[in-house]
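Visitor:
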Amino acid sequence: MSAYEQLLEYIDGLNIIDTHEHLPMEADRPKETDVLSEWLAHYFSSDLVSAGLSADALEIVRDSSRDLLKRWKIVEPYWHAARFTGYGRSLDLAACGLYGIDGVNGRTIGPLNEAFVAAREKGGHYKYVLKDKSRIALSIVDSDPDCDREFFASAVRLDEFICPVHRRDIVRVGLELDISVHSLDDWKEAMRRRLEQAFDHQGCVTLKCGLAYKRTLHFGKAGAAEAERDFNELFAEEHSPDKRGDIKIGKSFQDHMMHYLLGLADRRGLPFQFHTGIQEGSGNVIADANPVHLTNLFLEYENVKFDIFHMGYPYLMELSNLAKNFRNVFIDMCWGHIISPEAARRGLVEWLDAVPANKISAFGGDYAFVDGVYGHQKLARENVASALAQKVDEGVFDLDRARETAGWLFVDNPTRLFNLASRLKAARKGKGAKKRKKK
Ligand SMILES: [Zn+2]
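According to the working numbering, the residues represented by the sequence shown are -19 to 419, in order.
1) Please classify Gln259: does DSSP put it in a helix, a strand, or coil?
2) Can Phe289 and His255 be called in contact, C-beta distance under 8 Å?
3) Decide if the region 326 to 336 is in contact with the region -14 to -4; the criterion is three or more beta carbon pairs, one per stretch, under 8 Å apart.
4) For a test of the three-state rule: what should DSSP assign to Thr88, helix, strand or coil?
5) Does ligand 1 have a heavy atom nearer than 7 Å to the CB of His60?
6) Consult DSSP for Ala117 and reduce its assignment to one of helix, strand or coil.
7) Run through DSSP, which three-state label would Gln(-14) get?
8) Does the Cβ of Asp346 lie closer than 7 Å to at least one heavy atom of ligand 1?
9) Let me check you understand the geometry: is the CB of His356 closer than 7 Å to at least one non-hydrogen atom of ligand 1?
10) How about Ala192 and His236: do their beta carbons lie closer than 8 Å?
11) Taking 7 Å as the cut-off, is the C-beta of Asp122 nearer than that to any heavy atom in ligand 1?
12) Among Ser17, Ala95, Asp47, which has the Cα closest to the Cα of Ala75?
13) Kindly give me the distance between the Cβ atoms of Gln357 and Ser114, rounded to whole angstroms, as I take these residues to be in contact under 8 Å.
14) Write down the C-beta distance between Gly352 and Gly344 rounded to the nearest angstrom, noting that I regard them as a contact closer than 8 Å.
15) In whole angstroms, give me the CA-to-CA distance for Lys419 and Pro10.
16) What beta strand (DSSP E) runs, 3 residues minimum, are completely inside the region 237 to 313?
17) Using the C-alpha atoms, what's the distance from Asp36 back to Pro251?
18) Between His0 and ligand 1, is the CB less than 7 Å from at least one heavy atom?
19) Are the beta-carbon atoms of Asp14 and Asn93 separated by less than 8 Å?
20) Are the CB atoms of Ala117 and Arg(-3) within a distance shorter than 8 Å?
21) Using DSSP bridges, identify the partner residues of Ala133.
22) From this set, Arg148, Leu20, Tyr106, which residue's C-alpha is nearest Arg129's C-alpha?
23) Nearest to Arg42 by CA position, among Phe24, Ala31, Ser30, is which residue?
24) In the structure shown, what three-state DSSP assignment does Ile227 receive?
25) Cα separation between Arg403 and Tyr58?
26) Would you mind working out which of Glu362, Glu101, Pro394, Phe233 sits nearest Glu163, comparing C-alpha positions?
27) Would you list the one or two residues that DSSP bridges to Asp(-2)?
28) For a quick check, are the C-beta atoms of Glu1 and Val121 less than 8 Å apart?
29) Would you mind sorting Met171 into buried or exposed? The rule is 16 or more other CB atoms within 10 Å of its CB.
Encoded structure:
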C-alpha cells in the first residue's frame, strides 16, 4: 500500500470533530422540500449562478412545488459546467455514499429524490449521516444553544450587539436580557449579560463572528463618545419604528463594541471563531475578509484564542504567517475542502512547513443541510491523507508521525481549543445527553 492509502485507511477510522455547522436540528428541517430544493440551499447553487444561471431561474429550481424534471432541465447545463468543483463533487459523493446513487444527473435525479424523500420519512437521518456514515463525534453548530447534545455543541454570535440595524433590535434584546437600554453603557451591560448567559448557563463553547460578510475585519480603537454618537442614531426621531427601515450603524460604534467584547473574552480566555475569506453567495468584497485585518486584535487580546475560519481562502499564506507569528491564532479548515480541494491540500502542505501542527483544525462541514456534511468529510479525509502522504514521500517525516498529525488535526486540536472533552463524553452517552427543547 502507498503512504496515501495507509494514511487514508487510518484517517477513515477516526471519529472526528467538526468545528462548524449551520444545520437545523433534525426535527426542525424544512418540511416542504425535495433533493434539488435542499441541496441547492447554498454553495453549489452559488457555483451554478457563477456558471451563468440567473437568480430568477435559481428560485424556480429551488421551488419543490414545481415539477422536478422540468426544474432539472433548467439547471442541467450549469450543473454540467460546475460538476467537478468541490461543491459539485461533495454532492456527487453524498448521492453515492448516502443513497447508493451514481452521481446527480438527468437519469438519476428522479430515483435520487425518491431515496431522499424516503430517508426523510424514515427518520434517524442525522444519526445515519453524522454518526454512522461520517463518523463525526461532535459538531459545533452556529448559534443554537438548545441543540441536541448527542450531535452538537453551540457557538454563540454576538454580531447583533456590534451591528444593530434598528431600534427594534435594541428593544427586543433588552427585553430578552431584562434590561432597559437607553445608553451605550446599557447596551454593553446587555452584551455582557448575553455572554454570561451563553457560557455560564447555556453551555456554548465558543464565540463566533460573521461580520466579514458586511464590513472590513479591521476593528480600530474608537472612544466611547464617538461610539455613543453612532449608537444614538438608532434613537433619532426619524428612525422611529413606523417611519424608516434599517440603518447601517457607524463604524466607531461597531469597533468600540468589538473591542469591548474582546475585553470580556480575553478575561475568560475564550475561543473566538472568525469568519475570514470567501463569502458565501454571489458578489461581495473579498478584501474586507482578509484575516490580516485582524492583526491589531491578535496583538491586543493575547488570551483570546482566535480560530480563523475557512483557511482564510484565498489568503492562505497570510493566515500561515499569522498562525506562525501569534501564539493565539489558529487555522480552521472548515468549509475549506469543498471551496477548493486543491487549495486545501496545498495549504496544509505549506502550513505543516511553517506552522506547529497543534494549531490546525482539519474539518468543519459548514453546511445548512446534513447530506452535504457527508461529502465534505470524505473530501477532507482524502485531502489530509494526500497532504500528509506528500510529506512522507518527501521524507519530511515517517508514517507514524503522519498518523499522529492526522489525529491532532481531526480530533485533539479542536478538542483542546474548544474544551470539548466533557461534551464528547455526553455525546457518546447519546440518550443521556440533554434533549432539545421544543421551540
Ligand atoms: Zn459558516
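We put the CB at the ideal spot given by N, CA and C, even for glycine.
Guide: So, to answer that:
1) Here residue 259 corresponds to residue number 279 of the sequence shown, with the count starting at 1. Note: Gln259 maps to coil in three-state DSSP.
2) Counting from one through the sequence shown, the residue named residue 289 turns up at place 309. Counting from one through the sequence shown, the residue named residue 255 turns up at place 275. Yes, the Cβ-Cβ distance between Phe289 and His255 is below 8 Å.
3) no
4) Start at 1 with the first residue of the sequence shown, and residue 88 comes out as number 108. DSSP places Thr88 in coil when its eight states are reduced to three.
5) Translated into positions along the sequence shown, residue 60 becomes position 80. Not so, every heavy atom of ligand 1 lies at least 7 Å from the Cβ.
6) Residue 117 sits at position 137 when you count from the first residue of the sequence shown. Strand at Ala117.
7) To locate residue -14, count along the sequence shown from 1; it is residue 6. If DSSP states are grouped into helix, strand and coil, Gln(-14) belongs with the helices.
8) Your numbering for residue 346 matches position 366 in the sequence shown. Answer for Asp346: yes, Cβ within range of ligand 1.
9) Numbered from its first residue, the sequence shown carries residue 356 at position 376. No - ligand 1 has no heavy atom lying nearer than 7 Å to the Cβ of His356.
10) Along the sequence shown, read from residue 1 onward, the residue named residue 192 stands at position 212. Along the sequence shown, read from residue 1 onward, the residue named residue 236 stands at position 256. No, Cβ-Cβ distance for Ala192 and His236 is not below 8 Å.
11) By 1-based counting over the sequence shown, the position of residue 122 is 142. Because some heavy atom of ligand 1 lies under 7 Å away, the Cβ of Asp122 counts as near it: yes.
12) Stepping through the sequence shown from its first residue, residue 75 is reached at position 95. Looking at the Cα atoms, Ala95 is the closest of the given residues.
13) To locate residue 357, count along the sequence shown from 1; it is residue 377. To locate residue 114, count along the sequence shown from 1; it is residue 134. That pair is a contact at about 5 Å.
14) Working through the sequence shown from its first residue, we reach residue 352 at position 372. Working through the sequence shown from its first residue, we reach residue 344 at position 364. Not confirmed; about 12 Å, so no contact.
15) Within the sequence shown, numbered from 1, the residue matching residue 419 stands at position 439. Within the sequence shown, numbered from 1, the residue matching residue 10 stands at position 30. Residue placement at Lys419 is poorly supported in this model, since its pLDDT is 38, which falls under 50; the coordinates still yield a value, given next. Looking at the two C-alpha atoms, the distance is approximately 14 Å.
16) 251 to 254, 285 to 288, 309 to 312
17) For this step, residue 251 is matched to residue 271 along the sequence shown. For this step, residue 36 is matched to residue 56 along the sequence shown. Using only the alpha carbons, I get a separation of about 40 Å.
18) Along the sequence shown, one-based indexing puts residue 0 at 20. Indeed, a heavy atom of ligand 1 lies less than 7 Å from the Cβ.
19) Translated into positions along the sequence shown, residue 14 becomes position 34. Translated into positions along the sequence shown, residue 93 becomes position 113. Closer than 8 Å, so yes.
20) Looking up residue -3 in the sequence shown gives position 17. Looking up residue 117 in the sequence shown gives position 137. Looking at the sequence provided, one finds Ile at residue -3 rather than Arg. Yes.
21) In the sequence shown, counting from the first residue as 1, residue 133 sits at position 153. Answer by DSSP bridge pairing, in chain order: Ile120.
22) Your numbering for residue 129 matches position 149 in the sequence shown. For Arg129, the nearest C-alpha among the options comes from Tyr106.
23) For the purposes of this step, residue 42 is taken as the residue at position 62 of the sequence shown. Checking every option, the nearest Cα to that of Arg42 belongs to Phe24.
24) Here residue 227 refers to the residue found at position 247 when the sequence shown is read from its first residue. Three-state result, Ile227: coil.
25) Residue numbering aside, residue 403 sits at position 423 when the sequence shown is read from its first letter. Residue numbering aside, residue 58 sits at position 78 when the sequence shown is read from its first letter. Computed Cα separation, rounded: 42 Å.
26) Position 183 of the sequence shown, counting from 1, holds the residue named residue 163. According to the sequence provided, residue 163 is Ser. The question's Glu does not apply to it. Answer by Cα proximity: Phe233.
27) For the purposes of this step, residue -2 is taken as residue 18 along the sequence shown, with counting starting at 1. Beta-bridge pairing links Asp(-2) to Ser119.
28) Counting from one through the sequence shown, the residue named residue 1 turns up at place 21. Counting from one through the sequence shown, the residue named residue 121 turns up at place 141. A contact, by the Cβ cut-off of 8 Å.
29) Within the sequence shown, residue 171 is the residue found at index 191, counting from 1. So Met171 counts as buried.
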